[in-house]
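Trainee: For the sequence shown, the tail end lands on 432 under numbering that gives the first Met the number 0, and the numbers increase by one without skipping. Each residue gets a CB set at the ideal place from its N, CA and C atoms; glycine is no exception.
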Amino acid sequence: MTNSVEFFESWEHTLSSDFQRDGVAAESDFQWVTEANTITLDKGNSTLAVFNDDNTIAGVAVEHEIRLYDVHTSRLIQTLRGHAGTTVSSFAFQPGGRKLAVCFLRHDASSFWHLTALWDLDTRPPPSEHLSDAAEAAAAAAFAILAQHWPEDHLQSAELKEKVLKLVSKTQEAINIRDGLLIRGSIPSRPFSRDGRSLLHLPGGNSVSVLGVDTFTERFQLSGHTDLVTWVETSPDDKLVATCSFDQTVRIWSMETGDTIRVLEGVTNQAWRGAFSPDGHLVAVAEGNRLVHIWCIDTGELIRTLGGFNGWVRTLAFSPDNRHLTAGAGGGTLRVFDVESGECEQHWQIDVKTKPSAEAFLEVHDVQYSARGDLFFTTTDGRLFGYRASENRKWVLVDSKYQGVIFPHAVLSADGSKLVAALGSSVSVWHLA
């Protein structure tokens with residue numbers, strides 16, 4: 000069986016269907032997306048980058064650290080360190096505030112788990128070196144004793160300091176959980192409420208916790224799903240919360256009380272991802288049966304079921320004017336639908352017929368719209384795409400070193416003026432003209 004490395008070694012990207020308007024192919028134009036700055040890392044590889052509210056700071060995830068850079072000068076402002084042996088899997092700046100929600104992934108030979116922290120950018124102490132110092136001292140003491148009994152080459156290969164540091168770090172982790180500085184579980188892609196006062200937390204399983212940001216404690220739980228919750232988000236007006244689950248239901252909850260308001264039905268497979276329309280009247284959910292459903296929140300009516308995909312649909316977004324819904328799927332498919340009519344207005348497709356097994360390795364990720372209506376998304380063959388429908392212009396960034404992995408998230412700024420992407424040893428920031 001072909002693995003991803005073997006597949007992408009000989010893969011050549013071509014499209015069988017591209018963006019167009021009224022039968023006129025979109026023009027390749029690199030003038031509307033221009034590189035504004037490049038942040039070069041002195042060590043480590045970046046896996047995720049996001050802007051703060053006013054686009055002055057770019058947070059960059061590197062292993063168990065988050066590094067804060069000045070967007071305009073590329074100067075490193077601050078380094079926030081998590082526990083050794085973990086990696087940052089996601090993080091987000093608090094809207095209108097000075098806190099940072101961070102999710103860490105820790106794994107060992109047989110299992111993995113997530114941990115969530117909420118850091119205050121103004122009061123968090125400088126990076127502490129005491130764990131590393133303690134590990135070095137303990138390793139040195141152990142080395143001195145063991146050197147009397149073990150050959151030196153065995154001791155050198157034992158990596159004592161690294162192993163002691165992991166042990167000390169896990170002990171500190173347990174203390175932080177006990178003291179309420181860390182909680183087990185993960186955060187969704189949009190973890191904060193729009194007003195920044197609440198934090199959505201996935202403890203694992205069938206429920207969601209809504210935490211108060213000021214106290215980092217649970218206000219209430221959203222309980223009612225009977226299988227894994229895969230998406231949760233607050234409505235644009237912060238009055239509602241929507242969730243979807245592998246139990247084939249979508250639920251609408253009160254953000255004030257946590258009570259269930261509606262249970263939306265019509266999903267026929269595992270539900271993977273959802274999105275609110277910007278006006279808050281609609282919610283869309285993508286499922287594993289290659290379909291997308293749209294409901295009216297006020298009535299609970301299922302108003303559209305959209306298809307035409309080659310694989311699971313796991314990313315979707317409404318346009319800022321509420322008129323279009325774009326969804327990306329496995330098999331290298333992206334479709335743009337007219338919400339009112341349900342018609343597919345754009346079909347973008349990687350040509351998967353050029354190579355056996357292509358459908359299994361190619362997928363569209365990170366579908367998102369800017370505030371002015373520009374569409375961006377990534378693909379697993381190492382590309383970042385943009386399309387400006389109003390001018391029928393397209394843009395692409397190619398970085399072949401990311402073939403075969405989920406391309407590091409490209410994230411738009413809240414005002415839609417900038418785009419940032421983590422590119423391994425560097426982070427690129429683009430300006431949208």
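1. Glu-161 by DSSP, collapsed to three states: which one?
2. What's the call for Arg-387, buried or exposed, on a 16-neighbour Cβ count within 10 Å?
3. With Glu-358 as the anchor, note down where its alpha helix (DSSP H) starts and where it stops.
4. Determine, using beta carbons only, whether Ser-244 and Ala-270 come nearer to each other than 8 Å.
5. Taking contact to mean at least 3 C-beta pairs separated by less than 8 Å, is the segment 140–154 in contact with the segment 105–124?
6. For the beta strand (DSSP E) containing Val-439, name the first residue and the last one.
7. Just verifying my parser: in three-state terms, what is the DSSP assignment at Trp-429?
8. Would you call the CB atoms of Ser-197 and Gly-211 closer than 8 Å?
9. Can you tell me which of the three DSSP states Arg-177 falls into?
10. In this structure, does DSSP put Ile-144 in helix, strand or coil?
11. So is Phe-384 buried or exposed if we call it buried at 16+ other beta carbons inside 10 Å?
12. Look at the alpha carbon of Gly-84 and the alpha carbon of Asp-28, and state the distance between them as a whole number of angstroms.
13. Answer yes or no: do Phe-92 and Trp-347 have a C-beta to C-beta separation smaller than 8 Å?
14. Nearest by alpha-carbon distance to Pro-190: which of Lys-169, Ile-65 and Pro-94 is it?
15. With burial defined as no fewer than 16 other Cβ atoms inside 10 Å of the residue's Cβ, what is the status of Ser-220: buried or exposed?
16. Does any C-beta atom of chain D lie closer than 8 Å to the C-beta of Trp-118?
17. Distance, Cα to Cα, Glu-158 vs Val-363?
Mentor: So, to answer that:
1. helix
2. buried
3. 357–360
4. yes
5. no
6. Any answer about residue 439 is impossible in this case: the structure gives the chain only from 0 up to 432.
7. strand
8. yes
9. helix
10. helix
11. buried
12. 43 Å
13. no
14. Pro-94
15. According to the sequence provided, residue 220 is Gln. The question's Ser does not apply to it. Its Cβ having fewer than 16 others within 10 Å, Gln-220 is exposed.
16. Among the protein chains of the structure shown there is no chain D, as only one such chain exists.
17. 40 Å
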